[in-house]
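The opening position of the sequence shown corresponds to residue 193 in this note's numbering, with each subsequent residue numbered one higher. Read the structure below first, then the notes.
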Amino acid sequence: MKEDRVTVTAGGAIFPRLKALGVDYVFANSGTDFPPIIEGLAQAAAAGITLPKALVIPHEHAAMGMAHGYYLMTGRAQAVMLHTNVGLANGATGAINAACEHIPMILMSGRTPVTEEGRFGARTVPIGWGQEMRDQAALVREASKWDYELKFPEQVPALLDRAHAIATTTPKGPVYLSIPREVLCEEVDATGLDAPPSIRPGRIAPDPEAIATLAGWLAEAEAPLVIAQRGAGDAESFAAFSVWAEDWGIAVCSWWATHLAIPTDHPCHVGADPGPGLRLADVVVVLDCLAPWMPDKHRPRPEAKIAHIGPDPIFSRFPVRNFRSDLSIVGETAQTILALIAAMDQLPRQEDRRAARRRGLAAASQQTRAAQIRAASPENGRITKSYVSRVLGEKLEGLESTVFSELGTLLGTLLRRDHRSWFQEPHSGGLGWSFPAALGAQLAEPERLCVATMGDGSYMFANPVACHQIAEALHLPVLVIVLNNSSWGAVRESVKGLYPDGTAAKNNRMPLTSLAPSPDFCKVAEASRAWARNVADPDELGVAVSEAIDVVRNERRCALLDVQIV
Ligand SMILES: Cc1ncc(C[n+]2csc(CCOP(=O)(O)OP(=O)(O)O)c2C)c(N)n1
């Protein structure tokens, strides 16, 4: 009797296994290493096997950014599949960004065939020789929690299970698997590829003793301060954190925040500058901050107690980082925050002290906000970043939206209230992140208004032609706002910061920072049938933003505003 066994290539087996691990999308950029992957995918589809969606992403940096943005919205790790060493090199910046932000993803790239002949899958084109490397994984090793190579076809499920479990265990991060062509060409049995994951990821819960210590410090504190960079965990802990900060009268500072920890108009949100708070604070909670202040500028009081909390509060991957820590609490942020709140609920409250702090903070935060709004005006008839931030904040009021900012709009001046409503480029600063991250977020939540605001330099780093192609091909109507100063302003400012009286600062034209003449970005967007407008007049900005939002929401196509700023 003939056995009715379904086989697929090992390349094809990757997809059902990823589906079983909860992966919805494989962001792929293919090449000559892909025939067994593409053939296997077709075999699996023909056999009716459930698969994740495999998407063509025409630039690797965009693929990585999309996996990053998708995770930010869903909390589910996705997969990226790239072409040998060259595709991996293009994706390496995205891996560095993901590692810095603890974004889990399964990154794979083909290995050019290692055999020259005599084996199915052996080299067929000169690049088979040209792309060979002794240590391909080295391209992303420092950014990976784990890396390995698929040695045998039957290892596909076990290695993917392991990759996924490591990526999603605290502290999360990207992992890398290289997938050689000859191995991918071998046929494997498709049965059982949909079995549940063989390894469950581990979640680190905070040490109850350390939580009790911190709760005690905070309950006794005269001037407690939280400095937050990577948010306040999930929706539940975000909401609880806001209530807790107000209840206890605890100042929250969002210094270089990549995620929102507290609504920007919350009475305890003291803005982005940790300086004033640190001068007063007797207890400082560093909430998942890589660099909570600038050591050559800010100083915590010597007698202040400092606690660092987060999935990796020591940031052990980084060679140099020595912010004082009197208490380090390891754990997923959401669980740590909820545990801390529960512990403090049991402690005596000095109501007068807390009420006085609440009043003081509310008055100070109101003043900060009022000053921010006053300053958010055009300058000499020209649009500023802060003006765009204010206008965008007003236009987004009442809409479910997320802003991805990369040297773009400014948190605080831009009003943001909700969990997942604000993300800034990772502190690794691999630019070209916000446009694809917004595309990934839009893919995750089609009804949400996803806005990418960025400098003109950052827009160009994003490979905009590829990103607009993706937006059109995948029907991802993101709103893109380019804050165009025809230069790399951050580089210019950094030169002025180091050499305020230097020759470069005194000259009107600073070398190596100009992006003039600026391309017509509207035409770049229009090339993929996006709606696009150029705005230079401050009086036209509000109407232009409203129109762009209408296009995105009603016509469901990408819109771009090229805003000329000071
Ligand atoms: C991939 C990459 N290349 C170079 C840099 C260095 N860099 C940091 S900020 C910056 C300028 C960004 O320009 P833009 O997005 O126009 O914003 P602006 O500084 O003008 O506000 C550059 C080039 C980087 N961070 N990442």
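Note that the Cβ used here is the ideal one computed from N, Cα and C, for glycine as well. Remember, it's a predicted structure, so these values are computed and weren't measured experimentally.
Presumed contact (8 Å Cβ cut-off) between residue i and residue j, rounded CB distance
i: Ser650; j: Glu685; result: No, Ser650 and Glu685 are not in contact; Cβ-Cβ is about 15 Å, not under 8 Å.
i: Ala239; j: Ala382; result: 6 Å
i: Glu252; j: Leu233; result: Contact doesn't hold; Cβ gap of about 19 Å is too wide.
i: Val158; j: Gly734; result: Residue numbering for the chain in the displayed model covers 193 to 758; residue 158 lies beyond these limits and cannot be assessed.
i: Arg721; j: Arg749; result: 7 Å
i: Gly365; j: Ala271; result: In fact, because the Cβ distance is near 14 Å, the residues do not count as touching under 8 Å.
i: Ile521; j: Asp399; result: 7 Å
i: Cys460; j: Gln421; result: About 17 Å separates the two Cβ atoms, so there is no contact after all.
i: Ala205; j: Val380; result: 5 Å
i: Leu213; j: Asp353; result: 7 Å
i: Pro134; j: Ile662; result: Look at the range of the chain in this structure, 193 to 758, and you will see that residue 134 is not part of it.
Reference residue i; option with closest CA among the options
i: Val337; options: Ala357, Ile498, Val522 and Ala449; result: Contrary to the premise, residue 337 reads as Lys rather than Val in this sequence. Nearest option by C-alpha distance: Ala357.
i: Glu414; options: Ser578, Glu428, Gln421 and Val476; result: Val476
i: Tyr263; options: Phe615, Ala728, Ala740 and Leu704; result: Phe615
i: Glu308; options: Gly320, Pro389, Ala563 and Leu606; result: Gly320
i: Leu299; options: Pro305, Ile288 and Val306; result: Ile288
i: Leu210; options: Glu524, Val332 and Ala355; result: Ala355
i: Trp625; options: Glu428, Pro656 and Arg609; result: Pro656
i: Leu472; options: Leu417, Arg748, Pro503 and Pro459; result: Leu417
i: Ala535; options: Val595, Leu584, Ser508 and Trp440; result: Trp440
i: Ile557; options: Gly365, Thr594, Glu438 and Glu334; result: The question names Ile, yet the displayed sequence has Ser at residue 557. Taking only the C-alpha atoms, the option nearest Ser557 is Glu438.
i: Ala236; options: Phe207, Tyr217, Pro250 and Leu213; result: Phe207
i: Pro586; options: Val444, Asp457, Leu280 and Ala271; result: One point to set straight first is that residue 586 is Glu, not Pro, in the sequence displayed. When only C-alpha atoms are compared, the closest one is Asp457.
i: Trp485; options: Leu470, Cys714 and Glu617; result: Leu470
i: Gly632; options: Ser517, Arg609 and Val595; result: Val595
i: Pro618; options: Val683, Ala483 and Leu641; result: Ala483
i: Thr361; options: Gly313, Gly310, Glu589 and Gly523; result: Gly523
i: Arg493; options: Ala665, Leu707 and Arg516; result: Arg516
i: Arg541; options: Trp436, Glu592 and Ala449; result: Trp436
Cβ-heavy atom distance, residue i to ligand 1, below 7 Å
i: Ser650; result: yes
i: Asn677; result: yes
i: Thr285; result: yes
i: Ala682; result: yes
i: Gly469; result: no
i: Leu599; result: yes
i: Phe653; result: yes
i: Gly694; result: no
i: Gly647; result: yes
i: Leu623; result: yes
Spatial distance of residue i from residue j (CA atoms)
i: Lys194; j: Leu385; result: Summary for Lys194: the model assigns pLDDT 47, below 50, so the residue's position carries little reliability; its value from the coordinates is reported in the next sentence. Taking the straight line joining both Cα atoms gives about 22 Å.
i: Leu690; j: Glu231; result: 55 Å
i: Ala548; j: Gly463; result: 19 Å
i: Ile454; j: Pro372; result: 46 Å
i: Pro140; j: Thr266; result: The chain is shown only over 193 to 758; residue 140 falls outside these bounds and no answer can be derived.
i: Gly316; j: Ala284; result: The amino acid occupying residue 316 in the given sequence is Thr; Gly does not appear at that position. Their backbone Cα atoms lie some 27 Å apart in a straight line.
i: Ala269; j: Asp465; result: 33 Å
i: Asn277; j: Thr224; result: 12 Å
i: Ser222; j: Val375; result: 17 Å
i: Thr528; j: Lys577; result: 35 Å
i: Val672; j: Thr199; result: 44 Å
i: Arg574; j: Thr242; result: 54 Å
i: Thr601; j: Cys292; result: 22 Å
i: Ala202; j: Glu378; result: 6 Å
i: Pro389; j: Leu668; result: 31 Å
i: Ala728; j: Asp426; result: 39 Å
i: Thr525; j: Glu637; result: 23 Å
i: Pro628; j: Arg561; result: 31 Å
i: Gly257; j: Gln559; result: 37 Å
i: Ser738; j: Ile565; result: 20 Å
i: Met652; j: Ala402; result: 46 Å
i: Glu334; j: Pro345; result: 27 Å
i: Trp723; j: Leu479; result: 40 Å
i: Leu406; j: Ser446; result: 20 Å
i: Gln634; j: Gly261; result: 8 Å
i: Ala697; j: Val367; result: 43 Å
Any non-hydrogen atom of ligand 2 closer than 7 Å to residue i Cβ
i: Ala464; result: Among the ligands modelled here, namely ligand 1, ligand 2 does not occur.
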